[in-house]
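A short worksheet on the structure shown next.
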Amino acid sequence: GCCLSSDTQLLIVQKEKAGIQLQAEEYDLMAAAADLDEIEEVNANCILMANLQQALSSVEQHSANFEETRALYESLYHNLAVEVEKVNSVNRKLKETNTDLTTEIA
-8 GCCLSSDTQL LIVQKEKAGI QLQAEEYDLM AAAADLDEIE EVNANCILMA NLQQALSSVE
52 QHSANFEETR ALYESLYHNL AVEVEKVNSV NRKLKETNTD LTTEIA
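So the sequence shown is residues -8 to 97, counted in the numbering used here.
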């Protein structure tokens, strides 16, 4: 500035400082926005993890229920097989008795 008055030079310096300050504030805002994005991403990931854990525990619960149900059915099947065997045994004895009676009558 050879031809600029000291007031004008001062004004230019102040504007430059203000511009630098504005850039710094913009940078801070951008950094804050990036932080916010990161925070939102972390929150989204946390929610996703929570949902996955819930789903997993639901699957584990379902699996446990399935195992209990299978065990119950096995037990019922076993009891039924025992009852069927008893009925078959009684039927065999009745047939034997029937055969004996038929033989006695004849």
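Using N, Cα and C, we set each Cβ at its ideal position, and we do this for glycine too. On a predicted model such as this, the values are computed, not experimentally measured, just so you know.
Roughly how many angstroms separate the alpha carbons of residue i and residue j, rounded to a whole number?
i, j, result
"Glu51", "Ser66", "22 Å"
"Asn56", "Asn36", "30 Å"
"Ala62", "Asn34", "41 Å"
"Asp26", "Ala46", "30 Å"
"Ala24", "Thr60", "53 Å"
"Asp28", "Asp19", "14 Å"
"Gly10", "Leu1", "14 Å"
"Asn42", "Ile30", "18 Å"
"Asn79", "Glu95", "24 Å"
"Tyr64", "His53", "16 Å"
"Thr(-1)", "Met21", "32 Å"
"Glu87", "Ser48", "58 Å"
"Ala15", "Leu39", "35 Å"
"Asp91", "Glu58", "49 Å"
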